[in-house]
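Written below as structure tokens is the structure these notes are about.
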Amino acid sequence: MVESIEYASRDELRELQSERLQSAVAHAYENVPFYRDRLDDAGVSPGDVESVDDIGTLPFTTKADFRAEYPDGLFAVDDDELRRIHASSGTTGKPKIVGYTEADLDLWHEVMARSMAAAGLDANDTIQNAYGYGLFTGGLGFHGGVEELGAAVIPAGSGNTQRQVDLARDLESDAIGCTPSYALYFAETAAEMGVDPRDLSISTVLYGAEPCTDPMREEIEGRLGATGIENYGLSEVIGPGVAVECHEAQDGMHIWEDHFYPEVIDPQTGEPLPEGEEGELVLTSLSKEALPVLRYRTGDLTTLTSDECACGRTMVRMDSVTGRADDLLIVRGVNLYPSQIEDVVLEFDAVAPYYRIDLYREDTLDRLELTVELVDDFDGDVDRLRDELLERLQNALSFRPDELELAEYGTIERTEVGKVKRVYDHR
Numbered sequence: 001m002v003e004s005i006e007y008a009s010r011d012e013l014r015e016l017q018s019e020r021l022q023s024a025v026a027h028a029y030e031n032v033p034f035y036r037d038r039l040d041d042a043g044v045s046p047g048d049v050e051s052v053d054d055i056g057t058l059p060f061t062t063k064a065d066f067r068a069e070y071p072d073g074l075f076a077v078d079d080d081e082l083r084r085i086h087a088s089s090g091t092t093g094k095p096k097i098v099g100y101t102e103a104d105l106d107l108w109h110e111v112m113a114r115s116m117a118a119a120g121l122d123a124n125d126t127i128q129n130a131y132g133y134g135l136f137t138g139g140l141g142f143h144g145g146v147e148e149l150g151a152a153v154i155p156a157g158s159g160n161t162q163r164q165v166d167l168a169r170d171l172e173s174d175a176i177g178c179t180p181s182y183a184l185y186f187a188e189t190a191a192e193m194g195v196d197p198r199d200l201s202i203s204t205v206l207y208g209a210e211p212c213t214d215p216m217r218e219e220i221e222g223r224l225g226a227t228g229i230e231n232y233g234l235s236e237v238i239g240p241g242v243a244v245e246c247h248e249a250q251d252g253m254h255i256w257e258d259h260f261y262p263e264v265i266d267p268q269t270g271e272p273l274p275e276g277e278e279g280e281l282v283l284t285s286l287s288k289e290a291l292p293v294l295r296y297r298t299g300d301l302t303t304l305t306s307d308e309c310a311c312g313r314t315m316v317r318m319d320s321v322t323g324r325a326d327d328l329l330i331v332r333g334v335n336l337y338p339s340q341i342e343d344v345v346l347e348f349d350a351v352a353p354y355y356r357i358d359l360y361r362e363d364t365l366d367r368l369e370l371t372v373e374l375v376d377d378f379d380g381d382v383d384r385l386r387d388e389l390l391e392r393l394q395n396a397l398s399f400r401p402d403e404l405e406l407a408e409y410g411t412i413e414r415t416e417v418g419k420v421k422r423v424y425d426h427r
């Protein structure tokens, strides 16, 4: 499955983006009072947007706007045009409600199938879907992509991990879609069942919905004997299917720019950043009907590159998300992201890929306690390992946790359903 647009020249793509941006702005202005008011306040009319060069004149859309317009104040179509409604998996406050027309669902399935093809999958594969079904966009979005690809889908859903292992073994799954933390849990459960996960027929793990560092990817690939391919998406924009790594390079995720226009901005000032600088990803939907979004601040921190890719695709690539703008931990004046701590911890072969960060406040001082698990067969010197970990954290991050616990394997709670929680802020 190859679409010529994936290999179009940058000039051809830019022309298409400009045409679609004009239509998207007009659609939002005419059908969403929120956007009409925002654009009027900014002194911008749809006719002022002639190309993607003008995108900076548009105001941002934020998560707060979704909350203020709950449940469907951002919808641009009448109820009789809606075919499906999903909601974000947010853990605080009301969920962000997202709607889809028939054309939106077709678009979603198209970009997901395109993502799977880029990952090296085709119609001959059997693909196990271990994302959660329901309001969360991951399960049904992934499912629709497999069917659009023409492959066979196993709609396993989340959880029931022993059954998942049985299905993968008995049905000879070629690929599995899941979160990175679940991929590790799946491998761990298989081993506990006496099944070597590397003996399964799974050759591709299409993971997403959580940040995944390079050391975590190496753990996944090593334990499952499979290629890890990262995909990216978010409910507010469409769900999974916004971007994916190609199997040829595995060097950043190609954003499907014909449908989603990307920018990177300084999260503090909102000013655009040059290519290659890390900042907050901003996305504009160019083709959505039910829920058009203009310059949506994702909160995800990444970089963009338009450098040539080995696969020949010309669409820009985004790096793995290093964290969220609102996930920044400020501890005694030091700025930290959990992914930075993960990078250091997983450098050590004696440490399992499970950790927990607890934050406390004593009087006016912040306190950070870090718990990491030892590998199951660890027989080394715990005190020496602790000293080496502390020294490495200090050298890499100019930071030392107030307490570092090296716990036995299996101490930290695993999750079969949803996203893993690693930070517990008790302040």
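Going by the UniProt record's numbering, the sequence shown opens with residue 1, and the numbers climb by one from there.
Where is the CB? At the ideal position from N, CA and C, for every residue including glycine.
request  = Go ahead and label Arg297 buried or exposed: buried means 16 or more other beta carbons lie within 10 angstroms of its beta carbon, across all protein chains shown.
outcome  = Counting of Cβ neighbours within 10 angstroms places Arg297 among the buried residues, the total reaching 16 or more.
ask   = Where do the N-terminal and C-terminal ends of the alpha helix (DSSP H) with Gln164 fall, by residue?
value = 161-170 is the extent of the alpha helix (DSSP H) around Gln164.
Cut-off 7 angstroms between Cβ atoms - residues of its own chain near Thr371, not counting five sequence neighbours on either side = The residues are Tyr355, Arg356, Glu405, Ala407, Ile412.
request  = In the DSSP assignment, find the unbroken beta strand (DSSP E) run with Phe186 in it and report its ends.
outcome  = Per DSSP, Phe186 belongs to no beta strand (DSSP E); it is in the alpha helix (DSSP H), 180-192.
ask   = When we look at the beta-carbon of Arg427 and count the other beta-carbons within 10 Å, is it buried (16 or more) or exposed?
value = Burial call: exposed.
key: Three-state secondary structure (DSSP) of Asp65   = Assigned with DSSP and collapsed to three states, Asp65 falls in helix.
task = Under the assumption that residue 468 contacts Asn231 (Cβ atoms under 8 angstroms), give the Cβ distance between them as a whole number of angstroms.
result = Missing from the structure shown is residue 468; the chain here goes from 1 to 427 and no further.
ask   = In chain order, which beta strand (DSSP E) runs of at least 3 residues are fully inside the region 90-119?
value = DSSP assignment within the region 90-119 yields the following whole beta strand (DSSP E) runs of 3 residues or more, N-terminal first: 97-100.
query = What are the residues that DSSP puts in a beta bridge with Asp300?
reply = The partner list for Asp300 (beta bridge, DSSP) reads Arg324.
Asp402 Cβ short of 8 angstroms to the ligand FAD heavy atom set = Questions concerning the ligand FAD fall outside what the structure shown contains, since it holds no ligand whatsoever.
Residue range of the alpha helix (DSSP H) that includes Ala42 = That run of the alpha helix (DSSP H) goes 33-42.
ask   = Where does Pro274 land, buried or exposed, given buried means 16+ other C-beta within 10 angstroms?
value = Under this definition Pro274 is an exposed residue.
request  = Output the distance between the C-alpha atoms of residue 438 and Arg400, rounded to the nearest integer angstrom.
outcome  = Nothing about residue 438 can be read from this structure; the chain reaches only from 1 to 427.
query = Should Lys419 and Thr179 be called a contact, given that it needs their Cβ atoms to be closer than 9 angstroms?
reply = Contact: yes.
ask   = Are Val146 and Val242 touching if we call contact CB-CB under 9 angstroms?
value = Val242 is positioned such that its CB atom lies no closer than 9 angstroms to that of Val146.
key: Opposing strand residues paired with Leu234 [DSSP bridges]   = In the DSSP assignment, Leu234 is bridged to Gly239.
Cys212 versus Leu301 - alpha carbon distance = When the Cα atoms are used, Cys212 and Leu301 turn out to be separated by approximately 13 angstroms.
ask   = To which residues does DSSP link Val264 through a beta bridge?
value = DSSP lists Leu281 as partners of Val264.
task = With Asn129 as the anchor, note down where its beta strand (DSSP E) starts and where it stops.
result = Asn129 -> beta strand (DSSP E) spans 126-129.
ask   = From the DSSP output, which residues share a beta bridge with Ala175?
value = Ala175 is bridged to Ile127, Thr204.
request  = Use the C-beta contact count for Asp11: other C-beta atoms within 10 angstroms, 16 or more gives buried, fewer gives exposed.
outcome  = Looking at its Cβ environment, which holds fewer than 16 other Cβ atoms inside 10 Å, Asp11 is exposed.
Ranges of the alpha helix (DSSP H) found wholly within the region 380-418, counting only runs of at least 4 = Qualifying alpha helix (DSSP H) stretches, in chain order: 382-397.
key: Whole-angstrom C-beta distance between Leu286 and Phe260, which should lie under 8 angstroms   = Right, their Cβ atoms sit about 7 angstroms apart.
task = For Arg367, collect the residues of the same chain with a Cβ closer than 6 angstroms to its Cβ; drop the 5 residues on either side in sequence, then sort them by chain order.
result = Excluding residues within five positions, the ones whose Cβ falls inside 6 angstroms are Tyr360, Asp402.
request  = Taking Glu221 as part of the beta strand (DSSP E), name the residues at either end of that continuous run.
outcome  = Glu221 -> not in any beta strand (DSSP E); alpha helix (DSSP H) instead, spanning 214-224.
request  = Would you give the residue range spanned by the alpha helix (DSSP H) that Glu362 belongs to?
outcome  = Taken as a continuous stretch (DSSP letters only), Glu362 belongs to no alpha helix (DSSP H), being part of the beta strand (DSSP E) at 351-362.
inquiry  = What residue range does the alpha helix (DSSP H) around Val147 cover?
reply    = Reading off the sequence, residue 147 comes out as Glu, not Val. Counting along the chain, Glu147 sits inside the alpha helix (DSSP H) bounded by residues 137-149.
ask   = Closest by CA to Ser9, which one among Met318, Glu280, Glu308?
value = Ser9 has its Cα closest to that of Glu308, out of Met318, Glu280, Glu308.
query = Using the rule of at least 16 other Cβ atoms within 10 Å of the residue's Cβ for burial, across every protein chain shown, is Lys96 buried or exposed?
reply = Result: buried.
inquiry  = Judging by CA-CA distance, which residue of Leu21, Glu69, Asp379, Asp319 is the nearest neighbour of Pro46?
reply    = With distances taken between Cα atoms, Pro46 lies closest to Leu21.
query = Excluding sequence positions up to five away, which residues of its chain have a Cβ less than 6 angstroms from the Cβ of Glu6?
reply = If we look at Glu6 and ignore the five residues flanking it on each side, its Cβ neighbours are Arg313.
query = Given that a residue counts as buried once 16 or more other Cβ atoms are within 10 Å of its Cβ, and exposed if not, what is Val52?
reply = Around the C-beta of Val52, 16 or more other C-beta atoms lie within 10 Å, and the residue is accordingly described as buried.
ask   = What residue does the beta strand (DSSP E) around Glu342 start on, and which one ends it?
value = No beta strand (DSSP E) holds Glu342; the alpha helix (DSSP H) holding it covers 338-345.
task = Name the two residues that bound the continuous beta strand (DSSP E) containing Thr371.
result = First-last of the beta strand (DSSP E) with Thr371: 365-374.
query = Quick one, are the C-beta atoms of Leu206 and Phe136 less than 9 angstroms apart?
reply = Against a cut-off of 9 angstroms, the Cβ pair of Phe136 and Leu206 comes out as no contact.
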